[in-house]
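Visitor:
Numbering (UniProt numbering), first residue to last: 1 to 200.
1) Are residue 166 and residue 29 closer than 8 angstroms when you measure CB to CB?
2) So does the region 49–61 actually touch the region 182–194, counting three or more Cβ pairs closer than 8 angstroms?
3) If we require 4 or more residues per run, which alpha helix (DSSP H) segments fall completely within the region 7–33?
4) Who are the near neighbours of residue 51 in its chain, counting only those whose CB is closer than 6 angstroms to its CB and skipping five residues on each side?
5) In terms of residues, what are the limits of the alpha helix (DSSP H) holding residue 144?
6) What three-state label does DSSP hand residue 94 in the structure shown?
7) For residue 6 and residue 191, I'd like the C-alpha separation in whole angstroms.
8) What residue does the alpha helix (DSSP H) around residue 35 start on, and which one ends it?
9) Cα-Cα, which of 23, 36 and 25 is closest to residue 198?
10) Distance check for residue 105 and residue 189, CA to CA, integer angstroms please.
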């Protein structure tokens with residue numbers, strides 16, 4: 001494996017091994033495609049390490065059957081690697097009309113966040129994928145300061161990945177790794193809708 005060399009080493013009293021094994025908050029944001037895809041790729045790596053994986057999917061329709069869900073569920077049930085639990089937090093892409101009111105969707109998002117808080121406190125998972133979680137924060141459904149405080153104070157060794165556009169600067173500020181996906185070109189620019197195997 002290539003050996004990465006840090007640009008600088010902080011004077012924090014930690015050994016190289018201790019610093020290397022710190023649990024991370026990771027944010028995938030930006031207008032480009034690939035935020036969730038990259039997070040699910042990390043979930044595969046975590047599964048291979050034997051970590052229990054918790055996926056909490058916000059705002060995508062609960063009826064959608066995306067490829068990563070099926071693959072990770074099969075892997076989680078295989079008896080190899082870590083277990084995988086997949087939680088869907090209600091309905092409601094912002095640009096698709098779904099049954100229920102905005103308050104219903106907000107309540108689903110808040111309950112989803114409360115479940116994540118319970119799981120973090122119980123150290124249920126080694127890796128959490130909070131997919132499309134930037135939107136409930138942006139829309140005011142979930143309190144950003146509560147998210148920042150909870151993620152900062154989480155116990156044990158728990159990695160957390162947050163995906164979605166327009167990540168709040170407060171979340172970016174406490175993250176250890178932030179990637180902004182930039183769009184250069186996308187088929188939708190030419191009027192092409194999403195397709196199987198690429199978007200789901």
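Ideal Cβ placement from N, Cα and C applies to all residues, glycine included.
Guide: Answer, in terms of the structure:
1) yes
2) no
3) 16–20
4) 82, 126 and 127
5) 144–152
6) With a pLDDT of only 39 at residue 94, under the threshold of 50, the placement of this residue in the model should not be trusted, and no figure is reported.
7) 43 angstroms
8) 35–48
9) 36
10) 29 angstroms
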